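A quick write-up on the structure given underneath.
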Amino acid sequence: MQFQADGTSGRLDEDFFRLNRACARSDAFINLREVTARFRVTPGDYVIIPSTYEPNVEAQFLLRIYANGFMESM
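The end of the sequence shown is residue 148 by my numbering, with every number in the run present.
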């Protein structure tokens, strides 16, 4: 899931996710090893939240992000 987070810094609490809707997400929430998606978003700050299919399961994630044009990471 992806959330726009302009002006937000530090750890995001439960209120952030309750008050903000995801601006992008993968088409299907299914148990796959790899998920690929393309999104077109307006310039701004975003938070990407990877998740497992099963709740309360820890895992390692690899995110590859490609952009057309300038992109700054925090």
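Cβ coordinates follow ideal geometry from the N, Cα and C atoms, glycine included.
All of these numbers come straight from a predicted model, not from anything done at the bench.
Classify F77 as helix, strand or coil using the three-state DSSP reduction. In the structure shown, F77 falls within a strand segment according to DSSP collapsed to helix, strand and coil.
Could you give the distance in angstroms between the alpha-carbon of N142 and the alpha-carbon of T116? Rounded to whole angstroms, N142 to T116 spans 12 Å at the Cα level.
Those residues which DSSP pairs with Y120 across a bridge: Looking at the DSSP output, Y120 sits in a beta bridge with Q78.
Closer than 8 Å by C-beta to Y120: which residues in its own chain qualify, once you throw out the five before and the five after it? Chain order, please. Here Y120 has Q76, F77, Q78, A79, C97 as same chain residues with Cβ atoms under 8 Å from its own Cβ, once five neighbours each way along the sequence are excluded.
Could you check where the alpha helix (DSSP H) with D87 kicks off and where it finishes? No alpha helix (DSSP H) contains D87, which DSSP labels as neither H nor E.
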